[in-house]
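Enquirer:
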Amino acid sequence: KGAKKKDRRKVPWTDDTRRNFEKCKTDLAEAALLSFPRTGIPLSLCTDASDFAVGSVLQQFENDGWKPIAFYSKKLNDTQRRIESISTIDYDTIAEKQVHDKELQKLMQESSSLQFKPSTLPSGKTLWCDISTSKIRPYIPEEFRMQMFQQIHGFCHPGVKSTIKQMTEKFIWPEMKKQIGEWAKTCMRCQKCKVNRHTKSKFGVYQIPDGRFSVVHIDLIGPLPPSEGMEYCLTCIDRYSSWIEAVPLPAITAEIVGKAFY
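Per full-length UniProt numbering, the very first residue in the sequence shown carries number 1; after that it's consecutive.
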């Protein structure tokens, strides 16, 4: 009792300890005893998950109780653990909100390329969808739009264009491209992990010098294919006149570069 996982202290082995140990083995053996699959009786699939693993058990109802047929468990890898959430879309609730949605009513009255058609859900509720494209796209009321965005974008955090493409193929609402683009650009996870993609450096601004050779820009090129013992090149550009000089070098040590420049 109260022992930790890496506790290496010896356990006193008494008659009471032995009985408890044997009881644990028996309970584990009976709990994991699998039944032989039978046809014509009810089946049940129970699943569960945590931040580190998923598991499930397939059961069948026999002798007034549920008996396990198979167990399954798997540890999640690093990529799977980074998935924020995997949720199902409650289209029944969306259908209820569509009934009094003013934006939807306005879209259905306006003359546009959208073609709305009612779709009956298994619950009997009516879900309005656009059928103007090859894929049926349900209209999403305002209160569910962020949820749809997080479900699509939060899976693997694609770029702005890819997120817009995936969203517009699945759903429809007014000005959705603009709204989705703003949400994708302000995603905190993307801002932290895609710094180089959002950084746009400005071009350098240099003042015009007063005379020739007062400011000279230099750079080194190489290694190049050897020619007469030379493998590098020192380039010098006068900012005032834009005069260019290129000097071949055998190496790029400070001494060799200094002598070539002066």
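We put the CB at the ideal spot given by N, CA and C, even for glycine. It should be emphasised that the depicted structure is a prediction, and the values quoted were computed from it without experimental measurement.
Among P226, D219 and D238, whose alpha-carbon lies nearest the alpha-carbon of R212?
Expert: D238
Enquirer: What do you get for F71, buried or exposed, if any count of 16 or more other CB atoms within 10 angstroms of its CB means buried?
Expert: exposed
Enquirer: Measuring CB to CB, does I164 end up less than 8 Å from K177?
Expert: yes
Enquirer: By the DSSP assignment, the beta strand (DSSP E) with V247 in it spans what residues?
Expert: I244 to L249
Enquirer: Specify the secondary structure class of S123 as computed by DSSP and reduced to three states.
Expert: coil
Enquirer: Could you check what DSSP says for T253 in three-state terms: helix, strand or coil?
Expert: coil
Enquirer: Would you tell me roughly how many angstroms separate the C-alpha atoms of E182 and T126, rounded to the nearest one?
Expert: 31 Å
Enquirer: Whole angstroms are fine: how far does the CA of V257 sit from the CA of V215?
Expert: 17 Å
Enquirer: Name the residue from I252, K6 and I208 whose alpha carbon lies nearest to the alpha carbon of I218.
Expert: I252
Enquirer: Go ahead and pull the three-state DSSP assignment for E30.
Expert: DSSP places E30 in helix when its eight states are reduced to three.
Enquirer: So, at 8 Å on beta carbons, what are the nonlocal neighbours of S44 in its own chain, with the 5 sequence-adjacent residues on each side left out?
Expert: L58, Q59, Q60, F61 and W66
Enquirer: Check for me: the beta strand (DSSP E) holding E62 runs from which residue to which?
Expert: A53 to E62
Enquirer: Between R189 and the rest of its own chain, which residues show a CB-CB distance below 6 Å, the 5 nearest in sequence each way excluded?
Expert: H157
Enquirer: Quick check on the DSSP output: what are the complete alpha helix (DSSP H) runs of length 4 or more inside the region 144-231, in order along the chain?
Expert: 160-170, 176-185, 188-193 and 195-198
Enquirer: Per DSSP, which one or two residues make a beta bridge with S73?
Expert: S73 pairs with G55.
Enquirer: Under 8 Å: do the region 138-157 and the region 104-117 share three or more Cβ pairs, one atom per stretch?
Expert: yes
Enquirer: Any idea if I41 is buried or exposed, counting beta-carbon neighbours within 10 angstroms, 16 or more meaning buried?
Expert: exposed
Enquirer: State the DSSP-derived secondary structure class of T235, mapped to helix, strand or coil.
Expert: strand
Enquirer: Check W66 in the structure and name its three-state DSSP category.
Expert: strand
Enquirer: Spatial neighbours of S119 within its chain, please: CB distance less than 6 Å, with the 5 preceding and 5 following residues excluded, ordered by chain position.
Expert: L127 and C129
Enquirer: Can you give me the start and stop residues for the beta strand (DSSP E) that D48 sits inside?
Expert: L43 to A49
Enquirer: Determine the direct distance from the alpha carbon of Y262 to that of K225, and round the result to whole angstroms.
Expert: The sequence as given places Pro at residue 225; Lys does not occur at that position. C-alpha separation (whole angstroms): 25 Å.
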